[in-house]
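Quick note: the sequence shown uses numbering that gives the first Met the number 0, first residue 0, plus one each step. The beta-carbon is built from N, C-alpha and C at its ideal position, and this holds for glycine as well. What follows is one structure encoded as C-alpha coordinates, with my remarks underneath.
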Amino acid sequence: MTLNVAIVGTGIFATNQHLPTLQKSKYFTPYSCYNRTKSKAEAFASKDPSISKIYDSLEEVFEDPKVDLVDALLPVQLNVDAVKLAVKHKKNISLEKPIAANLDQAKEIVQISRAHPELTIAIAEHWCYFKSIAALKSAIDQIGNVYSFTYHSTGSFNFNNKYLATTWRQNPEHIGGFLSDGGVHQLALLTGVLGEIKTVSAHTRQVRKESGDVDILYSLAEMQSGVIGTFTYGSAFGNTSKSCYFQILGDNGSVFFDFSPGHNEKLTLKVGGKSADAESFVKETEIENEYRSTEREFEVLGESLTSGDRSKIIATPEVAFHHLAIIDASLKSSKAGGQVTPVERP
(Lines of atoms letter the chains of each structure in order from A; the text may use other names.)
(Lines give C-alpha, C1' and ligand atoms only; values in the text may rest on other atoms or scores of the structure.)
Protein backbone atom coordinates (compact mmCIF):
# COMPACT_ATOMS: atom_id res chain seq x y z
CA MET A 0 0.00 0.00 0.00
CA THR A 1 1.14 3.53 -0.74
CA LEU A 2 0.90 6.49 1.62
CA ASN A 3 -1.78 9.11 1.04
CA VAL A 4 -0.39 12.61 0.58
CA ALA A 5 -2.29 15.84 1.12
CA ILE A 6 -0.69 18.62 -0.92
CA VAL A 7 -1.04 22.02 0.73
CA GLY A 8 -0.28 24.95 -1.55
CA THR A 9 -0.95 24.17 -5.20
CA GLY A 10 1.22 26.72 -6.98
CA ILE A 11 3.99 26.52 -9.55
CA PHE A 12 6.40 24.24 -7.69
CA ALA A 13 3.66 21.88 -6.49
CA THR A 14 2.42 21.57 -10.07
CA ASN A 15 5.77 21.29 -11.86
CA GLN A 16 7.80 19.31 -9.34
CA HIS A 17 5.95 17.73 -6.41
CA LEU A 18 2.94 16.36 -8.25
CA PRO A 19 4.96 14.60 -11.01
CA THR A 20 7.29 13.19 -8.33
CA LEU A 21 4.41 11.85 -6.25
CA GLN A 22 2.73 10.41 -9.35
CA LYS A 23 5.85 8.38 -10.14
CA SER A 24 6.59 7.35 -6.56
CA LYS A 25 6.21 3.77 -5.40
CA TYR A 26 5.65 5.05 -1.86
CA PHE A 27 3.09 7.85 -2.25
CA THR A 28 -0.27 8.59 -3.83
CA PRO A 29 -1.54 12.16 -4.30
CA TYR A 30 -4.77 11.91 -2.33
CA SER A 31 -6.01 15.42 -1.57
CA CYS A 32 -5.12 19.09 -1.76
CA TYR A 33 -5.76 22.51 -0.31
CA ASN A 34 -5.26 26.10 -1.40
CA ARG A 35 -6.57 29.29 0.18
CA THR A 36 -8.12 30.01 -3.22
CA LYS A 37 -10.33 26.98 -3.73
CA SER A 38 -10.49 27.38 -7.52
CA LYS A 39 -6.71 26.90 -7.65
CA ALA A 40 -7.01 23.70 -5.64
CA GLU A 41 -9.74 22.50 -8.00
CA ALA A 42 -7.56 23.22 -11.03
CA PHE A 43 -4.69 21.35 -9.40
CA ALA A 44 -6.89 18.36 -8.51
CA SER A 45 -8.00 18.08 -12.12
CA LYS A 46 -4.44 17.15 -13.09
CA ASP A 47 -4.61 13.79 -11.27
CA PRO A 48 -7.66 11.53 -10.89
CA SER A 49 -6.27 10.09 -7.66
CA ILE A 50 -6.80 13.47 -5.95
CA SER A 51 -10.26 12.81 -4.61
CA LYS A 52 -10.64 15.42 -1.90
CA ILE A 53 -10.33 19.21 -1.70
CA TYR A 54 -10.45 20.89 1.71
CA ASP A 55 -12.07 24.13 2.79
CA SER A 56 -9.53 24.93 5.53
CA LEU A 57 -5.98 24.10 6.54
CA GLU A 58 -7.17 22.43 9.73
CA GLU A 59 -9.35 20.06 7.70
CA VAL A 60 -6.22 18.77 5.98
CA PHE A 61 -4.71 17.62 9.26
CA GLU A 62 -8.01 16.30 10.64
CA ASP A 63 -8.44 13.83 7.78
CA PRO A 64 -7.66 10.33 9.15
CA LYS A 65 -6.79 9.05 5.67
CA VAL A 66 -3.84 11.44 5.28
CA ASP A 67 -0.43 9.85 5.97
CA LEU A 68 1.75 12.81 4.98
CA VAL A 69 1.11 16.51 4.57
CA ASP A 70 3.26 17.97 1.80
CA ALA A 71 3.24 21.65 2.71
CA LEU A 72 4.29 24.16 0.04
CA LEU A 73 3.28 27.26 1.93
CA PRO A 74 4.78 30.73 2.24
CA VAL A 75 7.46 29.81 4.75
CA GLN A 76 6.20 32.24 7.40
CA LEU A 77 3.26 29.81 7.75
CA ASN A 78 5.42 26.73 8.34
CA VAL A 79 5.30 27.03 12.14
CA ASP A 80 1.50 26.99 12.16
CA ALA A 81 1.48 23.95 9.89
CA VAL A 82 3.89 22.11 12.19
CA LYS A 83 1.71 22.87 15.20
CA LEU A 84 -1.28 21.41 13.37
CA ALA A 85 0.79 18.35 12.48
CA VAL A 86 1.58 17.81 16.15
CA LYS A 87 -2.03 18.42 17.21
CA HIS A 88 -3.34 15.81 14.75
CA LYS A 89 -0.30 13.49 14.80
CA LYS A 90 0.59 13.86 11.12
CA ASN A 91 3.94 13.51 9.40
CA ILE A 92 4.84 16.63 7.45
CA SER A 93 7.25 17.82 4.79
CA LEU A 94 7.96 21.57 4.66
CA GLU A 95 9.38 23.57 1.78
CA LYS A 96 12.70 25.33 2.33
CA PRO A 97 13.81 27.65 3.82
CA ILE A 98 12.57 26.14 7.07
CA ALA A 99 10.95 29.41 8.19
CA ALA A 100 10.84 33.14 7.62
CA ASN A 101 13.28 33.93 10.43
CA LEU A 102 15.40 32.25 13.09
CA ASP A 103 12.85 32.59 15.87
CA GLN A 104 10.33 30.62 13.83
CA ALA A 105 13.01 28.14 12.73
CA LYS A 106 14.09 27.60 16.32
CA GLU A 107 10.48 26.92 17.31
CA ILE A 108 10.18 24.25 14.62
CA VAL A 109 13.39 22.60 15.82
CA GLN A 110 12.13 22.60 19.40
CA ILE A 111 8.79 21.10 18.35
CA SER A 112 10.58 18.43 16.32
CA ARG A 113 12.78 17.49 19.27
CA ALA A 114 9.77 17.33 21.58
CA HIS A 115 7.88 15.00 19.22
CA PRO A 116 10.27 12.34 17.92
CA GLU A 117 7.31 10.10 17.09
CA LEU A 118 6.54 12.37 14.12
CA THR A 119 8.56 12.93 10.96
CA ILE A 120 9.15 16.60 10.26
CA ALA A 121 11.28 16.81 7.10
CA ILE A 122 12.43 19.82 5.09
CA ALA A 123 12.13 19.58 1.31
CA GLU A 124 15.74 20.57 0.54
CA HIS A 125 16.69 18.29 -2.33
CA TRP A 126 20.26 19.61 -2.58
CA CYS A 127 21.02 17.73 0.65
CA TYR A 128 20.72 14.51 -1.36
CA PHE A 129 23.06 15.35 -4.22
CA LYS A 130 25.36 12.56 -5.42
CA SER A 131 28.12 15.15 -5.68
CA ILE A 132 28.25 15.53 -1.88
CA ALA A 133 29.39 11.94 -1.39
CA ALA A 134 31.76 12.23 -4.37
CA LEU A 135 33.34 15.42 -3.00
CA LYS A 136 33.73 13.97 0.50
CA SER A 137 35.44 10.92 -0.94
CA ALA A 138 37.78 13.11 -3.00
CA ILE A 139 38.82 15.41 -0.16
CA ASP A 140 39.82 12.36 1.88
CA GLN A 141 42.71 12.10 -0.58
CA ILE A 142 44.11 15.65 -0.39
CA GLY A 143 45.56 15.61 3.11
CA ASN A 144 44.67 18.32 5.59
CA VAL A 145 42.03 20.67 4.18
CA TYR A 146 42.68 24.38 4.77
CA SER A 147 40.48 26.45 2.48
CA PHE A 148 37.69 26.54 -0.06
CA THR A 149 36.08 28.78 -2.67
CA TYR A 150 32.36 28.40 -3.33
CA HIS A 151 31.12 30.51 -6.22
CA SER A 152 27.68 30.72 -7.86
CA THR A 153 26.88 33.81 -9.94
CA GLY A 154 24.97 34.58 -13.10
CA SER A 155 22.81 37.01 -15.01
CA PHE A 156 19.32 38.04 -13.93
CA ASN A 157 16.51 35.97 -15.43
CA PHE A 158 13.66 38.27 -16.38
CA ASN A 159 11.64 35.21 -17.43
CA ASN A 160 11.77 33.59 -14.01
CA LYS A 161 8.25 32.24 -13.44
CA TYR A 162 8.41 33.10 -9.72
CA LEU A 163 8.97 36.84 -10.23
CA ALA A 164 5.26 37.58 -10.19
CA THR A 165 4.60 35.70 -6.94
CA THR A 166 3.76 37.68 -3.82
CA TRP A 167 6.34 35.84 -1.72
CA ARG A 168 9.10 36.85 -4.17
CA GLN A 169 7.98 40.47 -4.67
CA ASN A 170 7.34 41.11 -0.97
CA PRO A 171 9.34 38.48 0.90
CA GLU A 172 8.71 37.92 4.57
CA HIS A 173 11.59 35.47 4.80
CA ILE A 174 14.90 37.08 5.77
CA GLY A 175 17.13 38.03 2.86
CA GLY A 176 14.44 37.29 0.28
CA PHE A 177 16.20 35.73 -2.71
CA LEU A 178 19.29 34.94 -0.60
CA SER A 179 17.45 32.67 1.81
CA ASP A 180 15.13 31.26 -0.85
CA GLY A 181 17.91 30.16 -3.20
CA GLY A 182 20.97 30.50 -1.00
CA VAL A 183 20.00 27.65 1.28
CA HIS A 184 20.35 25.30 -1.71
CA GLN A 185 23.98 26.33 -2.16
CA LEU A 186 24.63 26.07 1.58
CA ALA A 187 23.19 22.56 1.62
CA LEU A 188 25.94 21.55 -0.81
CA LEU A 189 28.70 23.50 0.94
CA THR A 190 27.93 22.32 4.47
CA GLY A 191 27.06 18.83 3.27
CA VAL A 192 30.69 18.50 2.20
CA LEU A 193 32.63 20.57 4.76
CA GLY A 194 30.36 20.64 7.80
CA GLU A 195 28.90 23.56 9.72
CA ILE A 196 29.96 27.18 9.44
CA LYS A 197 31.09 28.89 12.65
CA THR A 198 31.38 32.56 11.67
CA VAL A 199 30.87 34.77 8.63
CA SER A 200 32.05 38.20 7.51
CA ALA A 201 29.76 39.31 4.73
CA HIS A 202 28.59 42.07 2.42
CA THR A 203 25.25 42.05 0.59
CA ARG A 204 23.67 44.31 -2.02
CA GLN A 205 20.40 44.55 -3.92
CA VAL A 206 20.95 44.70 -7.66
CA ARG A 207 17.37 44.18 -8.88
CA LYS A 208 14.19 45.69 -7.47
CA GLU A 209 12.39 42.58 -8.73
CA SER A 210 14.26 40.51 -6.16
CA GLY A 211 12.34 42.20 -3.34
CA ASP A 212 15.42 42.38 -1.10
CA VAL A 213 19.19 41.95 -1.22
CA ASP A 214 20.17 39.51 -3.95
CA ILE A 215 23.98 39.14 -3.93
CA LEU A 216 26.20 37.93 -1.11
CA TYR A 217 30.00 37.99 -0.84
CA SER A 218 31.43 36.48 2.33
CA LEU A 219 34.35 34.98 4.18
CA ALA A 220 33.51 31.98 6.33
CA GLU A 221 35.23 29.98 9.04
CA MET A 222 34.01 26.43 9.45
CA GLN A 223 33.62 24.67 12.79
CA SER A 224 36.59 22.54 11.66
CA GLY A 225 38.80 25.63 11.29
CA VAL A 226 38.77 25.55 7.47
CA ILE A 227 38.41 29.03 5.97
CA GLY A 228 36.97 30.06 2.62
CA THR A 229 34.73 32.31 0.58
CA PHE A 230 31.07 31.93 -0.29
CA THR A 231 29.80 34.03 -3.20
CA TYR A 232 26.21 33.87 -4.42
CA GLY A 233 23.86 35.85 -6.62
CA SER A 234 22.31 35.72 -10.08
CA ALA A 235 21.29 39.36 -10.43
CA PHE A 236 23.89 40.71 -12.82
CA GLY A 237 23.81 41.81 -16.45
CA ASN A 238 24.83 39.64 -19.37
CA THR A 239 27.29 37.08 -18.07
CA SER A 240 27.73 33.32 -18.07
CA LYS A 241 26.35 31.33 -15.16
CA SER A 242 29.43 30.29 -13.20
CA CYS A 243 29.19 27.66 -10.46
CA TYR A 244 32.20 25.97 -8.91
CA PHE A 245 33.43 24.64 -5.58
CA GLN A 246 37.19 24.37 -4.99
CA ILE A 247 38.70 22.75 -1.90
CA LEU A 248 42.41 23.03 -1.14
CA GLY A 249 44.55 20.77 1.04
CA ASP A 250 48.24 20.24 1.71
CA ASN A 251 48.31 17.18 -0.54
CA GLY A 252 46.17 18.31 -3.42
CA SER A 253 42.92 19.95 -4.44
CA VAL A 254 39.39 19.24 -5.57
CA PHE A 255 37.60 21.35 -8.17
CA PHE A 256 33.89 20.76 -8.81
CA ASP A 257 32.39 22.58 -11.80
CA PHE A 258 28.59 22.51 -11.71
CA SER A 259 27.95 25.39 -14.12
CA PRO A 260 24.95 24.71 -16.39
CA GLY A 261 25.39 23.78 -20.02
CA HIS A 262 27.67 20.77 -19.58
CA ASN A 263 28.06 17.67 -17.45
CA GLU A 264 29.03 18.39 -13.87
CA LYS A 265 32.67 17.44 -13.39
CA LEU A 266 34.87 16.81 -10.37
CA THR A 267 38.64 17.14 -10.84
CA LEU A 268 40.84 15.60 -8.13
CA LYS A 269 44.51 16.57 -8.09
CA VAL A 270 46.60 14.64 -5.58
CA GLY A 271 50.19 15.41 -4.57
CA GLY A 272 52.36 18.20 -3.19
CA LYS A 273 52.57 17.27 0.49
CA SER A 274 56.26 16.73 -0.04
CA ALA A 275 58.70 17.15 -2.91
CA ASP A 276 58.59 13.44 -3.73
CA ALA A 277 54.91 12.77 -3.05
CA GLU A 278 53.05 10.83 -5.71
CA SER A 279 50.95 13.05 -7.94
CA PHE A 280 48.02 12.27 -10.19
CA VAL A 281 44.89 13.84 -11.67
CA LYS A 282 41.50 12.14 -11.84
CA GLU A 283 38.36 13.54 -13.47
CA THR A 284 34.87 12.25 -12.65
CA GLU A 285 31.56 13.29 -14.17
CA ILE A 286 28.52 13.35 -11.90
CA GLU A 287 25.87 11.64 -13.99
CA ASN A 288 22.13 11.99 -13.42
CA GLU A 289 22.43 14.29 -10.43
CA TYR A 290 19.37 14.47 -8.18
CA ARG A 291 18.24 17.89 -9.39
CA SER A 292 14.54 17.10 -9.13
CA THR A 293 12.58 16.33 -5.95
CA GLU A 294 12.46 12.59 -6.67
CA ARG A 295 15.34 11.46 -4.45
CA GLU A 296 14.22 13.40 -1.37
CA PHE A 297 10.75 11.85 -1.62
CA GLU A 298 12.26 8.43 -2.20
CA VAL A 299 14.22 8.78 1.04
CA LEU A 300 11.15 10.11 2.84
CA GLY A 301 9.03 7.22 1.57
CA GLU A 302 11.62 4.66 2.65
CA SER A 303 11.78 6.27 6.07
CA LEU A 304 8.02 6.41 6.64
CA THR A 305 7.42 2.83 5.54
CA SER A 306 10.37 1.34 7.44
CA GLY A 307 10.28 3.56 10.52
CA ASP A 308 14.00 4.27 10.08
CA ARG A 309 14.56 8.03 9.73
CA SER A 310 18.35 7.87 9.71
CA LYS A 311 18.55 8.55 5.95
CA ILE A 312 16.60 11.82 6.17
CA ILE A 313 19.35 14.40 5.84
CA ALA A 314 17.24 17.56 5.62
CA THR A 315 16.10 17.62 9.25
CA PRO A 316 14.88 20.78 11.00
CA GLU A 317 18.31 21.13 12.67
CA VAL A 318 20.13 20.96 9.33
CA ALA A 319 17.75 23.41 7.65
CA PHE A 320 18.01 25.73 10.66
CA HIS A 321 21.78 25.91 10.11
CA HIS A 322 21.36 26.88 6.45
CA LEU A 323 19.00 29.72 7.38
CA ALA A 324 21.21 30.75 10.31
CA ILE A 325 24.12 31.28 7.90
CA ILE A 326 21.98 33.68 5.85
CA ASP A 327 20.87 35.41 9.07
CA ALA A 328 24.48 35.85 10.23
CA SER A 329 25.49 37.14 6.78
CA LEU A 330 22.75 39.77 6.81
CA LYS A 331 23.71 40.89 10.31
CA SER A 332 27.38 41.02 9.33
CA SER A 333 26.64 43.11 6.25
CA LYS A 334 24.61 45.60 8.28
CA ALA A 335 27.58 45.88 10.63
CA GLY A 336 30.00 46.65 7.80
CA GLY A 337 31.30 43.11 7.39
CA GLN A 338 31.86 42.41 11.08
CA VAL A 339 32.72 38.79 11.94
CA THR A 340 29.41 37.33 13.10
CA PRO A 341 28.78 33.93 14.73
CA VAL A 342 26.23 31.61 13.18
CA GLU A 343 23.49 30.90 15.69
CA ARG A 344 22.72 27.38 16.84
CA PRO A 345 19.23 26.11 17.73
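Taking C-beta separations shorter than 7 Å and ignoring five residues to either side along the sequence, the partners of N251 in its chain run I142, G143, V270, G271, G272, K273, A277, following chain order.
By the beta-carbon neighbour count (other beta carbons within 10 angstroms, threshold 16), F280 is exposed. For A187, no beta strand (DSSP E) encloses it; the enclosing alpha helix (DSSP H) starts and ends at 177–193. Between A121 and N91, the gap from beta carbon to beta carbon is short of 9 Å. Following the DSSP letters along the chain, one finds T166 inside the alpha helix (DSSP H) bounded by residues 166–169. As computed with DSSP, M0 is found in no beta bridge at all.
The beta carbons of A187 and C127 sit about 5 Å from each other, so the pair counts as a contact at 8 Å.
G337 and A201 do touch by the CB rule: their CB atoms are close to 7 Å apart, below 8 Å. Sixteen is the threshold: since fewer than 16 other Cβ atoms of the shown chains lie within 10 Å of the Cβ of H262, the residue is exposed. Three or more pairs of CB atoms, one per stretch, sit closer than 8 Å, so the segment 145–153 contacts the segment 222–238.
Taking the Cα positions, D80 is about 44 Å away from T284. Nearest to W167 by C-alpha distance, out of V69, A328, D180, E298, is D180. In the three-state DSSP reduction, Q223 falls in the coil class, being neither helix nor strand. Spanning the alpha carbons of L216 and N160 requires a straight line of approximately 20 Å. T203 counts as buried, since at least 16 other C-beta atoms from the protein chains shown sit within 10 angstroms of its C-beta. For P29, the enclosing beta strand (DSSP E) begins and ends at 27–33. The DSSP-derived three-state label of D103 is helix. If you look at L266, you'll find it in the beta strand (DSSP E) that goes 264–270.
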